[in-house]
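Visitor: Read in this note's numbering, the sequence shown has 218 at position 218, and its numbers run on one by one without any break.
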Amino acid sequence: MYVPIFRYLKRKWQLKKPFPAEWEKIIQTKVPVFHSLPDELRDKLRQRIVILLSEKHFEGCGGLELTEEIRVVIAAYAAVLILMEPSDYYGDLQAILIYPDDYMAPVNEEDEGGIVSVGYETRSGEYWGAGNIVLSWGDIKRDIYESRHGHNLIYHEFSHFLDDRYGLTAGISMDGEAMRDDEWSRVLAKVYRRLIRESRTGRSSVLDPYGAKNPAELFSVATEAFFEIPDQLKSSMPNLYSMLQSFYRVDPASWRA
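1. Using the Cα positions of TYR77 and PHE158, report the straight-line distance between them to the nearest angstrom.
2. For GLY60, which option in LEU53, GLY119 and VAL134 has the closest C-alpha, if you only look at C-alpha atoms?
3. Please report the distance separating the alpha-carbon of LEU258 from that of GLN232.
4. Output needed for TYR145: all residues of its chain with C-beta closer than 6 Å, excluding positions within five of it in sequence on either side, in chain order.
5. Considering only the beta carbon of each residue, do GLY129 and LEU153 sit closer than 8 Å?
6. What does DSSP give as the partner residues of ILE172 in its beta bridges?
7. Does DSSP put SER36 in a helix, in a strand, or in coil?
8. What is the residue span of the alpha helix (DSSP H) that GLU157 lies within?
9. Run through DSSP, which three-state label would ASN239 get?
10. Using a Cβ-Cβ cut-off of 6 Å (strictly less than) and excluding sequence neighbours within five positions of ASP208, which residues of its own chain qualify?
11. Given 8 Å as the limit, is there contact between the stretch 13-30 and the stretch 64-74, that is, 3 or more CB pairs closer than that?
12. Starting from the N-terminal side, write out each stretch of the beta strand (DSSP E) that is 3 residues or longer and does not extend beyond the stretch 90-139.
13. Going by DSSP, which residues form a beta bridge with PHE58?
14. Cutting at 6 Å between CB atoms, please list the residues of its own chain near GLY150, excluding the five before and the five after it.
15. Taking buried to mean at least 16 other C-beta atoms within 10 Å of its own C-beta, is PHE6 buried or exposed?
16. If the criterion is Cβ atoms closer than 8 Å, does the pair TYR248 and LEU218 meet it?
17. Would you call the CB atoms of ILE196 and ALA212 closer than 8 Å?
18. Relative to the C-alpha of VAL250, which residue among VAL80, ASP43 and ALA105 is closest?
19. In three-state DSSP terms, what is PHE19?
20. Give me the Cα-Cα distance between PRO38 and ARG180, rounded to the nearest whole angstrom.
21. Considering only residues of the same chain and omitting the five flanking positions on each side of ASN214, which have a CB-CB separation below 7 Å?
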């Protein structure tokens, strides 16, 4: 995707400078995925961290004191999804809003009679189509340092942005029918129908059953599994793994354990 010349030159200037020692210490000690990456991808990760921290606005909410650790950790995991993207680094994304833990968000619900009720629900993160991503730092820490079940809130919400940007799940209906005649839509639709069946019957799945909510959530939980538990996903759903490998242009199953 085209990058304005002034942005290209600014990036080139920024990447000539040494990677900050403080940031290096953070990715070495607080970003476990860094140690799994091949050496050439580690360099790409550093470059994308520099650019994301320069071009995106990070803001602490709900009393959260925004630290360099928080900024670098979020930027690092967001960068993993775009390691092979040459220039479009979440181009329309403007701000990343971070709460200390789960937060209350307003919701509007319409019943079968068309009556709309307004309320609140607890959330750990969300993607706003207006160009903002909201995250819970508490959930991020639990996912990265405690969970071994294929969850990663940063992957989840940033993949929603990619889905929205590229229309990745636009070809799948809510009941799991492929509305476009392409392999991507057919594979995702088949996996979506399978996850719906498994969630209804209580069968275990390599994918979080939350992905049965709608095709967009399917893509995000699939992205989490692709990067967090790649061997399990590749074994259980090889066609889905192959499609995600083609999209992200990396092969996490081949990375260091």
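Where is the CB? At the ideal position from N, CA and C, for every residue including glycine. Just so we're clear, the structure is a prediction, and the values are computed from it rather than from any experiment.
Guide: With the given structure in hand:
1. Reading the sequence shown from its first residue, position 77 is the one you call residue 77. Reading the sequence shown from its first residue, position 158 is the one you call residue 158. Looking at the two C-alpha atoms, the distance is approximately 9 Å.
2. Counting from 1 along the sequence shown, the entry for residue 60 is found at position 60. Selected option, being the one with the closest Cα: VAL134.
3. Residue 258 is absent from the model: the chain starts at 1 and stops at 257.
4. Locating residue 145 in the sequence shown gives position 145, counting from the first residue. Cβ neighbours of TYR145 beyond the five flanking positions: none.
5. Residue 129 sits at position 129 when you count from the first residue of the sequence shown. Residue 153 sits at position 153 when you count from the first residue of the sequence shown. No. Outside cutoff.
6. Stepping through the sequence shown from its first residue, residue 172 is reached at position 172. The partner list for ILE172 (beta bridge, DSSP) reads ALA178.
7. For this step, residue 36 is matched to residue 36 along the sequence shown. Helix at SER36.
8. Along the sequence shown, one-based indexing puts residue 157 at 157. Per DSSP, GLU157 belongs to the alpha helix (DSSP H) from 153-166.
9. Along the sequence shown, one-based indexing puts residue 239 at 239. Helix.
10. Here residue 208 corresponds to residue number 208 of the sequence shown, with the count starting at 1. The answer, listed in chain order, is VAL221.
11. yes
12. 95-99, 103-110, 116-123, 125-128 and 132-136
13. As a working mapping, residue 58 is identified with position 58 in the sequence shown. Note: PHE58 sits in a beta bridge opposite ILE96.
14. For this step, residue 150 is matched to residue 150 along the sequence shown. GLU224, ALA225, GLU228 and ILE229, listed in sequence order.
15. Here the question's residue 6 lines up with position 6 in the sequence shown. So PHE6 ends up on the exposed side.
16. Taking the sequence shown and counting its residues from 1, one reaches residue 248 at position 248. Taking the sequence shown and counting its residues from 1, one reaches residue 218 at position 218. TYR248 is not a Cβ neighbour of LEU218, given a cutoff of 8 Å.
17. Looking up residue 196 in the sequence shown gives position 196. Looking up residue 212 in the sequence shown gives position 212. Taking 8 Å as the cut-off, the beta carbon of ILE196 is found closer than this to the beta carbon of ALA212.
18. Taking the first residue of the sequence shown as 1, we reach residue 250 at position 250. For the options VAL80, ASP43 and ALA105, the alpha carbon positioned closest to that of VAL250 is the one of VAL80.
19. In the sequence shown, residue 19 corresponds to position 19, counting from 1. Note: PHE19 maps to coil in three-state DSSP.
20. In the sequence shown, residue 38 corresponds to position 38, counting from 1. In the sequence shown, residue 180 corresponds to position 180, counting from 1. Going from the Cα of PRO38 to the Cα of ARG180 covers about 36 Å.
21. Position 214 of the sequence shown, counted from the first residue, corresponds to residue 214. Within the same chain, ASN214 has close Cβ partners MET174.
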